[in-house]
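Contents: one structure, followed by commentary.
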Amino acid sequence: MKGLAQLAGIWCSSPDFHQWLFELGGLPANEDDAIEFVYLACEINSRSELDSNERAARLFVEKVRRPFREWLNGRPAAAPSRQRNK
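Going left to right, the sequence shown walks through residues 1 to 86 as the UniProt record's numbering numbers them.
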């Protein structure tokens, strides 16, 4: 799905997206935190993978785009998994 990398870039710098992440995790979020969240949620190492990797695109839609849009529209969204693989 083309355009997801650009969308992720816009959202990662958005104060609304940072607020959504704060409400999900209970910790303040900035642009770096937002980028890390997208990478972990979508299992990617670069935003460009969102436009070239079908699985990453699907994960972005399911774990990021849909819940964030629901939150923006005032509906509660289920919190996506934020497991860190270290």
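A virtual CB, placed ideally from N, CA and C, is assigned to each residue, including glycine. Because the structure is a prediction, the values reported are computed rather than measured.
Does DSSP put residue i in a helix, a strand or coil?
i: glutamate 43; result: coil
How would you write the range of the alpha helix (DSSP H) that residue i sits in, first residue to last?
i: arginine 28; result: Here the sequence assigns proline to residue 28, which means arginine is not the residue at that position. No alpha helix (DSSP H) holds proline 28; DSSP gives it neither H nor E.
i: glycine 9; result: 4 to 12
i: glutamate 54; result: 54 to 60
i: arginine 65; result: From DSSP, arginine 65 is part of no alpha helix (DSSP H); its letter is neither H nor E.
State the CB to CB distance for the pair residue i and residue j, rounded to an integer number of angstroms; the pair is presumed to be in contact (CB under 8 Å).
i: glutamate 31; j: serine 13; result: 5 Å
i: phenylalanine 37; j: leucine 21; result: 6 Å
i: leucine 24; j: phenylalanine 60; result: 16 Å between Cβ atoms; not a contact.
Please determine, among the options, the residue with the shortest C-alpha to C-alpha distance to residue i.
i: alanine 41; options: Leu72, Gln19 and Val64; result: Val64
i: leucine 7; options: Leu72, Asn73, Ser48 and Trp71; result: Ser48
Using the Cα positions of residue i and residue j, report the straight-line distance between them to the nearest angstrom.
i: leucine 27; j: proline 67; result: 18 Å
i: tryptophan 71; j: glutamate 62; result: 13 Å
i: asparagine 53; j: arginine 69; result: 22 Å
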